[in-house]
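Chains as they are written, first to last, in our numbering: chain A, 1 to 187; chain B, 1001 to 1187.
Note that CB positions come from ideal geometry on N, CA and C, so glycine has one too.
The structure appears below as C-alpha cells.
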DNA sequence: CGGGATCCATACCTTAAGGTATGGAACGGG
DNA sequence: CCCGTTCCATACCTTAAGGTATGGATCCCG
C-alpha cells in the first residue's frame, strides 16, 4: 500500500481542522469528504465506519500531541529548562482542536477515554516535573492540577486562543511557583 | 396563568439534569418529555420550538447561577470575607451542567453567547474583588483569569467534580495570592 | 350551563447523517 | 494482455430528531 498512508493522514488533518472551526458536530463524513474533494465511497473505503475513523483520529492526536511531546520534555534534565520547554509546548498545542475534543468528550465514551488518557499523562508528567524542581509531592500534585486547569481554561475561554495572554498567565503561574515558602513546600 | 410557571421550571430543572448526565446531545425534546412523563405536545405548547426553550433555559441558568450569585458577593464589603464566600459559591455551582453547557457552546452560537456573558461577568467581578483586596489592576486581571480557568479546569477534569480536591486547589491558589511580593503587586 | 382558553396526546411529515450495495476507472504483476 | 486489487462515484436505505396538524380533555368564567 504505497500511496495509501498519505490519504489517511489527509483525513486526520482535515478532521482536526474541522473540529477546530466547527466543533465536533461539524465533523461529519460529508464535511470531511467535501473538504478533501471526494465522496463517501472514499471514506468508507479507508475506514470501516465513523467509529473506526474516530478511534484512529484520536490515536493520531494522542500520539502526536501528548506521548511525543512528553517524551521530548523528559529528555531535558535541568528542571528550569524543562519548564521553559513545557511552557513553549503548551502554547504551541492545537488549542482549537483540543478544545473541541474536550467538548466532544462529553458526548462520546470513546472520546472521553482518549481525553482521560491524555489528561492523565500530562498530569503525571507535570507532577514529576514539579518534584524534580523541588516541590513536595502533595504540592507538586496541586501545582500540576492547577497548571493543567489553566491550560484548559485558557483553551476554552478564548476562541481562538491568544498566544500573548496565555504567556502572561503562565508567567504569573511560574512566578507563584517560584515563591519561597518553606512551610508550604514542606507538604 | 397560575398553574403554568411551575411547568416551565420543571422543564428547566429536567434540562439541567439531562445536561449534567448525558451532555448536550442528550438534551432532546423526547428525553425531556420522557423524564417529565408527558409527550411532545406539552413541550410545543409551552415553548414554541427547541431554540425558544434553549434560550429560556440559558436565561434561567444565567440569572440563577451567575447574576444572582455575583450580586450576593457584591453585598459583602470585607475583601477577605468576600473571597471566602466566592470560594463557597464556586464549590457549590452545578458543575455537571456547567461543564456540559461549556461543551455545548462549541456547537451552538446561542449557547456560546450565553456562556460568554457568564464568563465575562464572573471575570470582571473577580477582577474587581482582586483590586478591592489590594492587587494592582494587571495582576488582578491575571488572578481573575487564573481563578476562572482553574474552576473550568476542575469542572472538566473530574466527572463528577470532587468537592474535596476543588477546595484543596482553591486553597493553594489563595495561598499564592496572599504571598507578599511588592515588585509583582506594583504591576 | 355553555364556550373559550389552557394543556397535552396522537399521528404524521421533513431533514440530516450514518451506512450499504454496486459498478467503474486506473494501475501493477504474471 | 488480462485479471485482481485499489480507490472511489452513484444511488439507495435507515434512523433519529425537530417540527406540524389536529383533536380531545379539563377548567374557569360569565
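Chain-ordered neighbours of residue i on chain A, where CB pairs are closer than 8 Å
i                       : result
residue 1121 of chain B : Correct list: empty, because the minimum Cβ distance to chain A is about 13 Å.
residue 1020 of chain B : The contacting residues do not exist; residue 1020 of chain B stays about 10 Å from chain A at best.
residue 1024 of chain B : 106 and 107
residue 1061 of chain B : Ordered by position in chain A, no residue passes the 8 Å Cβ test against residue 1061 of chain B, which lies about 16 Å from the chain.
residue 1113 of chain B : Within 8 Å Cβ-Cβ: nothing; residue 1113 of chain B doesn't reach chain A, min ~12 Å.
Test item: CB-CB of residue i and residue j under 7 Å
i                       : j                       : result
residue 1106 of chain B : residue 1024 of chain B : no
residue 16 of chain A   : residue 97 of chain A   : yes
residue 69 of chain A   : residue 76 of chain A   : no
residue 166 of chain A  : residue 91 of chain A   : yes
residue 1014 of chain B : residue 1032 of chain B : yes
residue 1152 of chain B : residue 153 of chain A  : yes
residue 1036 of chain B : residue 1027 of chain B : no
residue 1149 of chain B : residue 54 of chain A   : no
residue 189 of chain A  : residue 155 of chain A  : Within the shown structure, residues of chain A are numbered from 1 to 187, placing residue 189 of chain A beyond reach of any answer.
residue 144 of chain A  : residue 123 of chain A  : yes
residue 133 of chain A  : residue 79 of chain A   : yes
residue 140 of chain A  : residue 131 of chain A  : yes
residue 60 of chain A   : residue 12 of chain A   : yes
residue 142 of chain A  : residue 1169 of chain B : yes
residue 47 of chain A   : residue 29 of chain A   : no
residue 1126 of chain B : residue 1108 of chain B : no
residue 1082 of chain B : residue 1010 of chain B : no
Interface residues of chain A facing residue i [CB-CB closer than 9 Å]
i                       : result
residue 1009 of chain B : Result: empty, since nearest Cβ-Cβ is about 25 Å, beyond 9 Å.
residue 1014 of chain B : Under the 9 Å cutoff, chain A gives no residues; its nearest Cβ is about 18 Å from residue 1014 of chain B.
Contact list for residue i against chain B, beta-carbon separation under 8 Å
i                      : result
residue 124 of chain A : Correct list: empty, because the minimum Cβ distance to chain B is about 13 Å.
residue 152 of chain A : 1149, 1152, 1153, 1156 and 1157
residue 189 of chain A : Residue numbering for chain A in the displayed model covers 1 to 187; residue 189 of chain A lies beyond these limits and cannot be assessed.
residue 102 of chain A : 1103 and 1156
Assigned exposure category for residue i - 16 Cβ within 10 Å defines buried
i                       : result
residue 1072 of chain B : exposed
residue 219 of chain A  : There is simply no residue 219 of chain A to check, as chain A begins at 1 and stops at 187 in what is shown.
residue 1063 of chain B : exposed
residue 1172 of chain B : buried
residue 1045 of chain B : exposed
residue 110 of chain A  : exposed
residue 1138 of chain B : exposed
residue 1039 of chain B : exposed
residue 1119 of chain B : buried
Closer than 9 Å at the beta carbon, the chain B residues around residue i
i                     : result
residue 17 of chain A : Simply none; closest approach about 15 Å.
Within chain B, the residues that residue i reaches when beta carbons sit closer than 7 Å
i                      : result
residue 172 of chain A : 1142 and 1146
### Task
Can you give me, in chain order, the residues of the stretch 1158-1169 of chain B that have a beta carbon less than 7 Å from any beta carbon in chain A?
Among the residues of the stretch 1158-1169 of chain B, those with a Cβ less than 7 Å away from any Cβ of chain A are 1168 and 1169, in the order of the chain.
### Query
What residue ranges within the stretch 143-179 of chain A form continuous beta strand (DSSP E) runs of no fewer than 3 residues, ordered along the chain?
DSSP runs (the beta strand (DSSP E)) wholly in the stretch 143-179 of chain A: none.
### Message
For a minimum of 4 consecutive residues, which ranges assigned as the alpha helix (DSSP H) are wholly contained in the stretch 1048-1087 of chain B?
### Response
Counting whole runs of 4 or more residues, the stretch 1048-1087 of chain B contains the alpha helix (DSSP H) stretches 1050-1062 and 1068-1074.
### Task
Let me know the alpha helix (DSSP H) ranges lying completely inside the stretch 1100-1147 of chain B, each 4 residues or longer, listed in chain order.
Whole alpha helix (DSSP H) segments, 4+ residues: 1109-1132.
### Task
Pull out every residue of the stretch 126-149 of chain A whose Cβ sits closer than 7 Å to any Cβ of chain B, in chain order.
Residues passing the 7 Å Cβ filter: 142, 145, 146, 148 and 149.
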